[in-house]
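Protein chains in written order, with our numbering: chain A, 6 to 350; chain Z, 4 to 150.
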């Protein structure tokens with residue numbers, strides 16, 4: 006018996022293909038059952054996320070299984086088999102085991118070290134268990150993979166540091182503010198660009214959101230989308246007193262806020278700290294604003310710079326992650342092969 | 004009664020020391036945020052807003068106790084030495100210390116200052132606490148013989 010994986014991911018297949026191949030929750034039992042019955046494998050787990058679709062199977066023999074599984078995929082999703090062949094990968098032991106461990110640890114993810122995949126693997130395993138397609142080998146395989154994934158995250162820094170502009174902005178704001186429920190965000194501009202950052206800040210508990218735009222009508226869709234309130238540009242100075250976090254995201258080619266404006270507002274707000282995030286190019290907020298006391302100004306380059314240095318730090322960790330994975334993999338293969346259930350590694 | 008005096012003053016010094024620690028943490032973090040130093044995110048730190056709050060509360064507690072301790076001391080001085088105020092070096096140094104922390108609170112409450120500069124004053128003022136506590140006897144002697 007041998008563990009195999011047939012799959013495709015964000016590197017091998019375009020999103021149009023991935024979304025057609027994704028397994029919907031309600032059809033998953035049917036799919037697991039078909040793989041087991043039609044292809045004749047005793048154990049099977051299907052991992053289906055927005056970035057990957059993978060069929061893990063325990064093969065009784067090696068011959069012809071790859072094409073049978075590819076045929077199953079194309080038949081199940083009604084896609085021509087030749088469309089699949091260029092985009093799929095096929096691994097046998099020990100690469101299949103290594104692949105699962107790497108996926109679970111987040112090393113194969115689009116954003117290296119992201120943690121969501123661990124839950125998705127756990128979920129895929131649990132669903133296969135509940136549909137009866139997991140036996141002795143896959144129980145041990147997936148439990149070891151999940152343990153290895155957790156191990157990698159706790160023993161290395163691969164999952165640390167924000168790697169997107171909006172999560173860096175949130176991390177920075179948490180170094181400034183103690184609580185968020187009483188804070189107000191002011192958005193300059195009606196574009197959707199700021200939406201990700203606003204959503205992240207709302208996740209921290211911000212309740213009050215103001216959207217200011219030259220033409221107030223244009224700000225209504227964004228205000229509705231984020232649950233905010235539109236303020237006319239003429240009342241910007243009053244909004245400055247109220248706001249704690251300001252996000253600049255307009256297409257204006259000049260500064261919308263000057264140092265003097267913010268300086269005056271700071272006196273009126275009794276020097277309550279102010280965090281300004283300028284995600285627009287050209288910049289909307291005069292860089293000199295950042296020199297004022299209790300005012301912290303970050304532009305898109307600053308945020309991007311932190312995000313990419315964090316990503317680099319994660320990539321630097323992959324070497325030590327790989328070592329942990331190799332150890333866990335060797336341990337798993339010798340344990341399971343020792344029971345005579347698998348081919349010798 | 005002398006013991007009570009020492010206890011009150013001691014606790015006020017401890018509060019001023021808390022202001023020093025929270026103040027230093029504030030200054031380090033504030034500088035990193037301003038300079039966009041990546042270490043601001045790599046080390047676990049308390050938010051600036053909270054550090055500023057701890058700094059203020061500890062100065063208020065320290066200053067209140069110190070004021071109480073000085074009044075108490077004045078009555079003790081009247082009983083022991085016959086006068087509320089005797090220009091003993093320690094008494095003069097205490098007045099200076101009291102004035103420094105009164106200034107910190109004045110800057111915050113009257114001028115509405117917050118953040119780096121006022122935190123810095125609270126940290127530097129601790130030099131006067133050390134001077135009052137240890138330095139005075141060392142350099143000037145005086146009637147305070149307990150420490």
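Positions of the beta carbon are idealized from the N, C-alpha and C atoms, including for glycine.
Just how far apart, CA to CA, sit residue i and residue j?
i                      : j                      : result
residue 88 of chain Z  : residue 176 of chain A : 54 Å
residue 413 of chain A : residue 223 of chain A : Outside the modelled stretch of chain A, which goes from 6 to 350, sits residue 413 of chain A, for which no answer is possible.
residue 156 of chain A : residue 329 of chain A : 8 Å
residue 313 of chain A : residue 170 of chain A : 9 Å
residue 285 of chain A : residue 197 of chain A : 12 Å
residue 122 of chain A : residue 109 of chain A : 6 Å
residue 106 of chain A : residue 153 of chain A : 7 Å
residue 262 of chain A : residue 291 of chain A : 6 Å
residue 82 of chain A  : residue 75 of chain A  : 11 Å
residue 111 of chain Z : residue 15 of chain A  : 55 Å
residue 143 of chain Z : residue 96 of chain Z  : 11 Å
residue 47 of chain Z  : residue 166 of chain A : 11 Å
residue 40 of chain A  : residue 207 of chain A : 43 Å
residue 211 of chain A : residue 257 of chain A : 27 Å
residue 331 of chain A : residue 45 of chain Z  : 28 Å
residue 193 of chain Z : residue 53 of chain Z  : In the structure as shown, chain Z begins at 4 and stops at 150. Residue 193 of chain Z is therefore absent and cannot be evaluated.
residue 243 of chain A : residue 297 of chain A : 19 Å
residue 173 of chain A : residue 162 of chain A : 16 Å
residue 335 of chain A : residue 136 of chain A : 29 Å
Hey, does residue i have any beta-carbon neighbour from chain Z nearer than 8 Å?
i                      : result
residue 238 of chain A : no
residue 303 of chain A : yes
residue 292 of chain A : no
residue 275 of chain A : yes
residue 180 of chain A : yes
residue 350 of chain A : Because the pLDDT at residue 350 of chain A is just 45, under 50, the model does not fix this residue reliably, and the point stays unresolved.
residue 214 of chain A : no
residue 314 of chain A : yes
residue 311 of chain A : yes
residue 176 of chain A : yes
residue 47 of chain A  : no
residue 34 of chain A  : no
residue 19 of chain A  : no
residue 278 of chain A : yes
When you compare the CB positions of residue i and residue j, do they come within less than 8 Å of one another, or not?
i                      : j                      : result
residue 30 of chain Z  : residue 301 of chain A : no
residue 401 of chain A : residue 52 of chain A  : Since the first residue shown for chain A is 6 and the last is 350, residue 401 of chain A is missing from the structure and cannot be characterised.
residue 61 of chain A  : residue 142 of chain A : no
residue 17 of chain Z  : residue 125 of chain Z : no
residue 5 of chain Z   : residue 71 of chain Z  : no
residue 117 of chain A : residue 320 of chain A : yes
residue 193 of chain A : residue 254 of chain A : yes
residue 104 of chain Z : residue 62 of chain Z  : yes
residue 249 of chain A : residue 184 of chain A : no
residue 216 of chain A : residue 227 of chain A : yes
residue 48 of chain A  : residue 37 of chain A  : no
Interface residues of chain Z around residue i at Cβ under 7 Å?
i                      : result
residue 299 of chain A : 117 and 118
residue 65 of chain A  : Those within 7 Å of residue 65 of chain A in chain Z number zero; the least Cβ separation is about 50 Å.
Counting only beta-carbon atoms, is residue i nearer than 8 Å to chain A?
i                      : result
residue 39 of chain Z  : yes
residue 150 of chain Z : Caution is warranted here: a pLDDT of 43 is assigned to residue 150 of chain Z, below 50, making its placement in the model unreliable, and no coordinate value can be reported.
residue 50 of chain Z  : yes
Name the chain A residues whose beta carbon is nearer than 7 Å to that of residue i?
i                     : result
residue 53 of chain Z : 183
For residue i, which residues in chain Z fall below 8 Å Cβ to Cβ?
i                      : result
residue 190 of chain A : Per Cβ cutoff of 8 Å: no residues; residue 190 of chain A is ~16 Å from chain Z at best.
residue 166 of chain A : 44 and 45
Which chain Z residues are close to residue i, counting only those with a beta carbon under 9 Å from its beta carbon?
i                      : result
residue 307 of chain A : 39
residue 221 of chain A : Here the premise fails: no neighbours, minimum Cβ distance about 32 Å.
Residues of the segment 108–130 of chain A with a CB closer than 7 Å to any CB of chain Z: list them in chain order, please. none
Counting only Cβ-Cβ distances shorter than 8 Å, please list the residues of the segment 14–48 of chain Z near chain A, keeping chain order. 32, 36, 37, 39, 41, 43, 44, 45 and 48
Any residues in the segment 83–95 of chain A with a beta carbon nearer than 7 Å to a beta carbon of chain Z? Which ones, in chain order? Answer set for the segment 83–95 of chain A: empty.
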